[in-house]
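Chains as they are written, first to last, in my numbering: chain A, 4 to 285; chain B, 300 to 599.
Presented below is the structure to which this report refers.
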């Protein structure tokens, strides 16, 4: 028996467990994010307590250097992170799928040109492209960050869409549909999109995680949304200066960020395993 | 070039960077003439390309220093940082990745692969902050950041300043590399040639070294190239955490100041390096796998 055969055995119980873990983690953030819309422990802009207080019954995670309640800000952070992830993935998906389909249908040289451009864009990290786009938009707010990340992610989506669509385009049923008189838009809607959707949606989940981390990095660099829409990255940046006296302020936002990112990745893994049983072996 | 278009999209006239708030129209015109932003775009573009081909990256709008010199200075921080981080990542990822694949039936095999899942979910700056909290604040072993003004002339200080940042990069990059090493090793373990080698009497470690190493290395190297390039470009965040005067902080500052020559210069050199790394990875793959030498194009 090869070692690989041994690993395959316990994995049969993994998919549902992974999927559930992902759903629980992401669901938690969704609940907190929704809750933050209607109820917060304190006014996020108010000095709710002393400066840099440790955790207490009044302030579960303590306060920041201006005496603001950290839990309140972390809850808002959940909401911001979800908006960023959803917004960036929506923009990235809309742009990327359109571009990818265009490339798949385009003439040879246009397809080659698009593919080469995408390859170059992908060689640059999402964060770097987003930095340039944010710089170009002049004002740093939540939307400029979301649009920037969406544009950066669209290159990855476009490349994947192009490859997947090309694979479907050579199928016999496409030829059959063409001969029976279906228009290209109809073929895209009926045959191509449903076929590539499962793989794309898994990829969207992974990109959601990427977007959330990239936005936190942007915010950390001072290129993200200003307070009161402060994201976890911004909280971390502010907390870094006071990490000597209040280490929890730098640890808690990171944990929140990591739990969401892991949750989304688990969700993607679980989805992939459910959709594509051949990948379960590993 | 894409670079040029992207940069000209930045709003605000670069001439403004030279001037204070209450500048007169004449001063503005003079400044525009000085930086060349009064000329038509196609002229700006042709002079940009012409200068680039002579490796003349111009002078900074803000500090008036030669862009190439500034990049050279910054490189002396970013290059060692990237390569040290890369080294740490390799030292972590290869032995642990192979171990977690070979011993995936043992608890520590699975534990390693679970921990490596964290690699793609942890923002690199948070790892940096945590390491600073542990090693600089609680244990007081290492400085929390900064780089001596004299650079590598002050070797001891410069080297100790590199340890934590390089460790941070290495940990995060190592965790994501580990998953690829593990996957490649699992493929090797699953292969017919390994079973044949074992059947012919090679011991397991011998078969793995003689036959597995070459086969497993090819996919890993293409990932290595991508990771190295993205670490180099992604150093901006790490440099911020540890306040290091590297290429990334130069880019960040230049973007904030709309210092086009500096932004252009950094992006140009980065693109060059990314292409070089990709090229080197391609060559390395061909050296290792003779089958690839006959192929015109290596599909990732």
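We put the beta carbon where it would ideally sit given N, CA and C, even for glycine.
1) Cβ closer than 7 Å: which chain A residues qualify as neighbours of residue 632 of chain B?
2) For residue 48 of chain A, does the three-state DSSP call read helix, strand or coil?
3) May I have the straight-line CA-CA distance separating residue 225 of chain A from residue 144 of chain A, to the nearest angstrom?
4) Could you confirm whether any beta carbon from chain A is found closer than 8 Å to the beta carbon of residue 454 of chain B?
5) Looking at the secondary structure, which residues open and close the alpha helix (DSSP H) in which residue 440 of chain B lies?
6) Would residue 535 of chain B and residue 584 of chain B qualify as a contact pair, given that the criterion is a beta-carbon distance under 8 Å?
7) Residue 43 of chain A by DSSP, collapsed to three states: which one?
8) On the three-state DSSP scale, how would you describe residue 124 of chain A?
9) According to DSSP, what are the bridge partners of residue 358 of chain B?
10) Can you tell me where the alpha helix (DSSP H) holding residue 425 of chain B begins and where it ends?
11) Determine the extent of the alpha helix (DSSP H) in which residue 413 of chain B is found, giving its start and end residues.
12) Check each residue of the segment 207-221 of chain A: if its Cβ is closer than 7 Å to any Cβ of chain B, include it; give the result in chain order.
13) Could you tell me whether the segment 502-514 of chain B touches the segment 534-554 of chain B, using the rule of 3 or more Cβ pairs below 8 Å?
14) Grab the span of the alpha helix (DSSP H) containing residue 188 of chain A for me, first residue to last.
15) Sort A/89, A/53, A/73 and A/45 by Cα distance to residue 263 of chain A and report the nearest one.
16) With 7 Å as the C-beta to C-beta threshold (strictly closer), list the residues of the segment 228-245 of chain A near chain B in chain order.
17) Can you have a look at residue 468 of chain B and say buried or exposed, based on whether 16 or more other CB atoms are within 10 angstroms of its CB?
18) What does residue 535 of chain B reach in chain A if we use C-beta pairs closer than 8 Å?
19) When the Cα atoms are used, what is the spatial distance from residue 124 of chain A to residue 158 of chain A?
20) Need the endpoints of the alpha helix (DSSP H) that residue 561 of chain B sits in, please.
21) Quick one: using the 10 Å Cβ neighbour count with 16 as the cut-off for buried, is residue 491 of chain B buried or exposed?
22) Residue 554 of chain B touches chain A at which residues, Cβ-Cβ below 9 Å?
23) Give me the residue from B/549, B/581 and B/555 with the minimum Cα distance to residue 568 of chain B.
24) Determine the burial state of residue 42 of chain A: buried for a count of at least 16 other Cβ atoms within 10 Å of its Cβ, exposed for fewer.
25) Thinking residue 103 of chain A and residue 179 of chain A are a contact (beta carbons under 8 Å), I'd like their distance in whole angstroms, please.
26) Locate the alpha helix (DSSP H) running through residue 235 of chain A, then write down its first and last residues.
27) Determine the extent of the alpha helix (DSSP H) in which residue 201 of chain A is found, giving its start and end residues.
28) What is the rounded straight-line gap between the Cα of residue 515 of chain B and the Cα of residue 485 of chain B?
29) Could you please tell me which residues of the segment 260-276 of chain A, in chain order, have their CB closer than 7 Å to any CB of chain B?
30) Find the nearest neighbour of residue 521 of chain B within the set B/573, B/510, B/433 and B/543, judged by alpha-carbon distance.
31) What in chain A is Cβ-close to residue 394 of chain B, meaning under 7 Å?
32) Leaving out the 5 sequence neighbours to the left and right, which residues in its chain are closer than 7 Å to residue 426 of chain B when beta-carbon positions are compared?
33) So who's on the other strand from residue 72 of chain A, going by DSSP bridges?
34) Going along the segment 72-87 of chain A in order, which residues come within less than 8 Å of chain B, judged by CB to CB distance?
35) Hey, out of B/578, B/531, B/526 and B/561, whose CA is closest to residue 368 of chain B's CA?
36) On the premise that residue 160 of chain A lies in contact with residue 99 of chain A, defined as a C-beta separation below 8 Å, what is that separation, rounded to the nearest angstrom?
For this structure:
1) Residue 632 of chain B is absent from the structure shown; chain B starts at 300 and stops at 599.
2) Secondary structure at residue 48 of chain A: coil, using DSSP grouped into helix, strand and coil.
3) A direct Cα-Cα distance of roughly 11 Å separates residue 225 of chain A from residue 144 of chain A.
4) Not closer than 8 Å to any Cβ of chain A, the Cβ of residue 454 of chain B fails to qualify, so no.
5) Annotation: residue 440 of chain B is outside any alpha helix (DSSP H) and is labelled neither H nor E by DSSP.
6) Not a contact, by the Cβ cut-off of 8 Å.
7) In the three-state scheme derived from DSSP, where H, G and I count as helix and E and B as strand, residue 43 of chain A is classed as coil.
8) Helix at residue 124 of chain A.
9) Looking at the DSSP assignment, residue 358 of chain B forms a beta bridge with B/365.
10) Unbroken alpha helix (DSSP H) run through residue 425 of chain B: 423-430.
11) Residues 406-416.
12) Those residues of the segment 207-221 of chain A that come within reach of chain B (Cβ to Cβ, closer than 7 Å) are 212, 216, 219 and 220.
13) The segment 502-514 of chain B vs the segment 534-554 of chain B: no contact.
14) Here the alpha helix (DSSP H) through residue 188 of chain A covers 187-190.
15) Its Cα nearest to that of residue 263 of chain A, the residue A/89 stands out among A/89, A/53, A/73 and A/45.
16) Within the segment 228-245 of chain A, the residues whose Cβ lies closer than 7 Å to any Cβ of chain B are, in chain order, 239 and 243.
17) Residue 468 of chain B should be labelled buried.
18) Against residue 535 of chain B, the close residues of chain A are 130, 131, 134 and 224, in the order they occur along the chain (beta-carbon pairs closer than 8 Å).
19) Answer to the nearest angstrom: the Cα atoms are 7 Å apart.
20) It spans 559-587 - the alpha helix (DSSP H) in which residue 561 of chain B sits, taken as one unbroken run.
21) Residue 491 of chain B counts as exposed, since fewer than 16 other C-beta atoms from the protein chains shown sit within 10 angstroms of its C-beta.
22) Within chain A, the C-beta atoms nearer than 9 Å to that of residue 554 of chain B come from 134, 135, 137, 138 and 226, in chain order.
23) Closest by C-alpha distance to residue 568 of chain B, out of B/549, B/581 and B/555, is B/549.
24) When all chains shown are included, residue 42 of chain A counts as exposed.
25) Incorrect: roughly 23 Å between the Cβ atoms, too far for contact.
26) DSSP places residue 235 of chain A inside the alpha helix (DSSP H), whose first and last residues are 235-243.
27) Note, residue 201 of chain A: alpha helix (DSSP H), 196-223.
28) Rounded to the nearest angstrom, the two C-alpha atoms are 9 Å apart.
29) The segment 260-276 of chain A vs chain B, Cβ under 7 Å: 260, 261, 264, 265 and 268.
30) Looking at the Cα atoms, B/573 is the closest of the given residues.
31) In chain order: nothing, as chain A lies at least about 17 Å away.
32) Only 467, 470 and 471 meet the Cβ criterion.
33) As DSSP reads the structure, residue 72 of chain A sits in a beta bridge with A/66.
34) Going along the segment 72-87 of chain A in chain order, one finds no residue with a Cβ nearer than 8 Å to chain B.
35) Ranking B/578, B/531, B/526 and B/561 by Cα distance to residue 368 of chain B puts B/561 first.
36) Contact annotation, residue 99 of chain A with residue 160 of chain A: C-beta distance approximately 3 Å; criterion of less than 8 Å satisfied.
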